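Okay, here's the thing in structure tokens:
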């Protein structure tokens, strides 16, 4: 039986459609997956029961060479040697984002593995203001020289990642958009109007995803009650649980109590079919990314989010015309496919909605065409699987 190791610092690994598809493919080929990571927010049941779970063996930072830490380090390396050299013997390790690469690089010191670096977030050292985060970047650069293959989403993000890392001349790159695989779903199969008590004469603007400041979600709901047409209704969906004292949750509750055209859907969808049914009941998607210097991933990484946006790809798959911010890839794709509107600032959203609704059916079909030609991940995931089975298959 073949075995592969997987290292991630993420707790929401299984909300990433690229990784879910990859796990499914590995399991189809009867790989044993050794999963090193934190406890996950959720894991599809058919995947959970076929994975071996382990705690992350190291931290992401530099070691303190005192007696206590050296003793701990030796125990960690013994655990890694026993797990990956004696008991299982994988020959490849997939690591996610800079912190995952740091762990994989340390593992590689004692158990030589072919490192596949799945980059979904890019660290830019000049944007760090905390020393510990600078340390992560230094270590990422150190271990990037050992990477055999980088999985990245598009040419723009590859260029940025190359600039800030020290990949070797032999390192290969494979572009795979963060995008769901095609599955059958039922358009309109979710009665969003009854579930969220939305009047049936309203057209729904959906924002689905994280509620971080860079998402523009605060600015979106601030368009209510007067800046949006009265026949438009905003739905905010996130599976991230908000505490009762969360400022955004309090704000949305107050707006809802005032009968603003706003609903908050805070439930996870554990089946993609159900999620796609839900989204297909909406009319306009929001996939906006406004950079800031607060979050370590919210600067240039967000500015050029490109095809690492799972929400954008999902909206395209179901034919949901979308409002985006004008990064390089989105501008190119909108010029080519006319999938919706790109905006400079949140106040541009009302006029963008007007333009989308004026030729809605055309834009909806264009979204599906864009997905079919640019975002369908099947062939690219197959290329990755071919590489996992035979590294010489990728030129």
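In the working numbering, the protein residues as written are 1276 to 1670. Glycine included, C-beta positions come from ideal geometry on N, C-alpha and C. Remember, it's a predicted structure, so these values are computed and weren't measured experimentally.
Residue environment analysis places residue 1381 among the buried positions, since at least 16 neighbouring C-beta atoms fall within 10 angstroms of its C-beta. Here residue 1472 carries a coil assignment [DSSP, helix/strand/coil]. In the three-state DSSP reduction, residue 1304 falls in the coil class, being neither helix nor strand.
With a minimum length of 4 residues, the unbroken runs of alpha helix (DSSP H) contained wholly in the region 1467-1516 fall at 1467-1470 and 1492-1496. Beyond the five residues adjoining it in sequence on each side, residue 1549 comes within less than 8 Å, by CB distance, of 1465 in the same chain, given in chain order. Within its own chain, the residues whose Cβ lies closer than 7 Å to the Cβ of residue 1494, once the five positions on either side in sequence are excluded, are 1621, listed in chain order. The residue among 1586, 1424, 1597 and 1399 with its C-alpha nearest the C-alpha of residue 1480 is 1597. If you draw a 10 Å sphere on the C-beta of residue 1461, you find fewer than 16 other C-beta atoms in it, and that means exposed. In the displayed model, residue 1616 falls within a strand according to three-state DSSP. Close CB contacts of residue 1669 within its chain, under the 6 Å cut and outside five residues either way in sequence, are with 1447 and 1662 (chain order).
When C-alpha distances from residue 1469 are compared across 1656, 1603, 1584 and 1553, the shortest belongs to 1553.
In this structure, residue 1361 sits away from residue 1391, with a CB-CB distance that is not shorter than 8 Å. Annotation for residue 1326: the continuous beta strand (DSSP E) segment containing it runs 1326-1329. Under the three-state reduction of DSSP output, residue 1391 falls in the strand class. Annotation: residue 1581 to residue 1428 spans about 7 Å, alpha carbon to alpha carbon. In the structure shown, residue 1449 falls within a strand segment according to DSSP collapsed to helix, strand and coil. Under the three-state reduction of DSSP, residue 1398 is assigned to coil, being neither helix nor strand. Judged by DSSP secondary structure, residue 1439 falls within the alpha helix (DSSP H) whose first and last residues are 1430-1439.
With fewer than 16 other Cβ atoms from the protein chains shown falling within 10 Å of its own Cβ, residue 1330 counts as exposed.
Uninterrupted alpha helix (DSSP H) stretches at least 4 residues long and entirely within the region 1335-1373 occur at 1342-1356, given in chain order. Shortest Cα-Cα distance from residue 1504 to any of 1624, 1309, 1658 and 1349 involves 1624.
Boundaries of the beta strand (DSSP E) harbouring residue 1537: 1537-1540, taken from the DSSP string. Per DSSP, residue 1386 lies in no beta strand (DSSP E) and is assigned neither H nor E.
Distance from the CA of residue 1449 to the CA of residue 1547, rounded to the nearest whole angstrom, comes to 25 Å. Inter-residue distance for residue 1642 and residue 1635 is about 11 Å (C-alpha atoms, whole angstroms). One Cα belongs to residue 1302, the other to residue 1654, and the distance between them is close to 17 Å. Going by DSSP, residue 1653 is part of the alpha helix (DSSP H) stretching over 1653-1664. Listed in chain order, the alpha helix (DSSP H) runs fully inside the region 1545-1585 are 1547-1555 and 1575-1578, counting runs of at least 4 residues. For residue 1647, no alpha helix (DSSP H) run applies, since DSSP gives it neither H nor E.
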